[in-house]
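Residue numbers (the working numbering), protein chains in the order written: chain A, 56 to 280; chain B, -13 to 370.
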């Protein structure tokens, strides 16, 4: 096994990935996060999987392991799925022996949480735009009190996640931030009705966000430093 | 305030809370015993937000005096006290909500009158806004302040007012003119003729002594009207809104303290868990951390701009829901008859229900939060 030792990841303010996720979606944000934290490296989650934009995935000639980055040497990691996001796609792989890299993993994992925050905010903005353009019995759907309650519950979940990410100092906060974003995403998706069920619609980005959390979870209590 | 500063403040508050934990169940049964708390080990004068001139020996953290005059300090300290006994914290004498109104509206003479009364001894105050048939809706407010000869007369009924039955002084909101700008805040001594306040029996938070106030032609001077030196847009409802915005993070920290207390009780009383119960406890632990972060963020926002209650509503929604969920589920985790075997748990279940309606119900908070979000006041990515 070849293990390369490299300097710790550069310090990048993860908030910028949130903004990119909000404005341009998951592919742009993941591409930027990867360039900032793990260039040429296939980040691998604790379960031994990766999920990256196809163009980024194609550039990686090393993969992360708990012992540090390892050269791929032409080895092909099995593709589990290809998920279409707009004009792009994400590639999911099983990386046998792979896992979070001690040097770059924490920055990647934290960045994923910030990207998910931006995606949740993007989703809620889309929901509000959607509901402003619809009416029930002559009343704009967004102005129905029960609809506003769901907007509020989503916003509260996003606010909790943001408060945690602004102050997070251990795995517990990061894990809770992910759960709050999971709940907010599901709650918000109800506001789209059937259109949220289309793979190409907002539900597709919620799926990507949930898959990112599943693929790159923060360390558990036992794994946290 | 740094994280280290707040961590030290929290640890100090935890030591202050110990005597409250010991008396929680007894006080719930007999709120009259509260005097013993005030006479005992709780340094209440340092914990209720008295201004520096009336608090010569304040709490000190890292060498700095802590007057508990910021929302951030309050939510950190009061959560720890509420974790021991939320009813006792709400029963503390001192400025509570009326102090916010004084800070916003009072002139020098009113300020001196208020604080010299409140700091003279264990003195309770009240914030009289809610009315029996229309809550806190200013448009429907029925309490009136009308001219009578050289003075004014206050008439109306307020209900669900904490500590009013034992208060010496407080603030009553009343309609002086039509329209939203016609509501004024009045500084009222409770020994005036025509002023009657009686406690209402409640299911929980019995220390708070929720009360009904009935006022019949209570004589009021022009000097009692708060904010009379200010413009019409900076009077009663303006101050009330800012007070609610500042107090909602505090209510949230009370709910959080109760939720944490129920979690603590389960962990103390139950030794062995099924796998699904372990997951439930882990989920609670995480939600407590998340809600605490949100409450602190809301407190910081309230200190920055008391005119905006968006994040405060978010904190209150999350904290009250968590308190109700953990307390009621804790009953199931501790087995049949848990509410008889664990009187403290029964108290926590009853106390938790109060936070849902205090300073606006959950549905009202949702409407406020949704509106605040739609107006871009959550500081989310749209504004970044």
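No residue lacks a Cβ here, since even glycine has one placed at the ideal position from N, Cα and C.
| Asked | Found |
| --- | --- |
| Proximity test, Cβ basis, 8 Å: residue 237(A) and chain B | no |
| Pairwise C-alpha distance: residue 29(B) and residue 374(B) | Residue 374(B) lies beyond the stretch modelled for chain B, which goes from -13 to 370, so this question has no answer here. |
| Whether residue 175(A) touches residue 90(A) by CB criterion (8 Å) | no |
| Interface flag, residue 366(B) vs chain A, CB-CB below 8 Å | yes |
| Cross-strand partners of residue 94(B) (DSSP beta bridge) | According to DSSP, which records beta bridges pairwise, residue 94(B) is partnered with nothing at all. |
| Three-state secondary structure assigned by DSSP to residue 34(B) | coil |
| Cβ-based neighbour list, residue 208(B), same chain, cut-off 8 Å, excluding 5 preceding and 5 following | 137, 138 and 214 |
| Candidates 175(B), 195(B), 151(B) and 156(B): closest to residue 76(B) by CA position | 195(B) |
| CB contact flag (residue 364(B), residue 182(A), <8 Å) | no |
| Three-state secondary structure assigned by DSSP to residue 252(A) | helix |
| Neighbour list for residue 167(A) in chain B, Cβ cutoff strictly below 7 Å | Simply none; closest approach about 16 Å. |
| Residues bridged to residue 179(A) (per DSSP) | Per DSSP, none; premise fails for residue 179(A). |
| Pair within 8 Å by beta-carbon distance, residue 147(B) and residue 116(B) | yes |
| Minimum Cβ-Cβ distance from residue 268(A) to chain B less than 8 Å | no |
| Exposure label - residue 252(A); buried when at least 16 CB within 10 Å | exposed |
| Bridge partner(s) assigned by DSSP for residue 143(A) | 140(A) |
| Under 9 Å by beta carbon: chain B residues contacting residue 228(A) | 272, 275, 276 and 279 |
| Close-in-space but distant-in-sequence residues of the same chain around residue 265(A) (CB under 8 Å, 5 per side omitted) | 237 and 240 |
| According to DSSP, residues forming a beta bridge with residue 160(B) | 170(B) |
| Cβ neighbour criterion (16 or more within 10 Å) applied to residue 107(B) | exposed |
| As assigned by DSSP and simplified to three states, the class of residue 201(B) | strand |
| Residues, ordered as in the chain, of the segment 192 to 204 of chain A that lie near chain B by beta-carbon distance below 9 Å | 197, 200, 202, 203 and 204 |
| Short-range partners of chain B found in the segment 76 to 101 of chain A, where Cβ spacing is below 9 Å | 76, 77 and 78 |
| Within chain B, the residues that residue 215(A) reaches when beta carbons sit closer than 8 Å | 276, 277, 279, 280, 300 and 304 |
| Exposure of residue 105(A), with buried meaning 16 or more beta-carbon neighbours within 10 Å | buried |
| For residue 184(B), the first and last residue of its enclosing beta strand (DSSP E) | 181 to 185 |
| Residue-level contact to chain B via CB, residue 273(A), 8 Å cutoff | no |
| Validate contact between the segment 290 to 303 of chain B and the segment 222 to 231 of chain B using beta carbons, cut 8 Å, 3 pairs | yes |
| Chain B contact for residue 260(A) (CB, 8 Å cutoff) | no |
| Residue 122(A) and residue 136(A) closer than 8 Å at C-beta | no |
| Contacts that residue 231(B) makes with chain A (C-beta to C-beta distance below 8 Å) | The contacting residues do not exist; residue 231(B) stays about 15 Å from chain A at best. |
| Identified DSSP bridge partners for residue 144(B) | 199(B) |
| Buried or exposed by the 16-neighbour rule on C-beta atoms within 10 Å, applied to residue 361(B) | exposed |
| Simplified DSSP state of residue 192(A), which is helix, strand or coil | coil |
| Residue closest to residue 160(B), alpha-carbon to alpha-carbon, out of 338(B), 202(B), 149(B) and 189(B) | 202(B) |
| Beta-carbon gap between residue 284(B) and residue 244(B) smaller than 8 Å | no |
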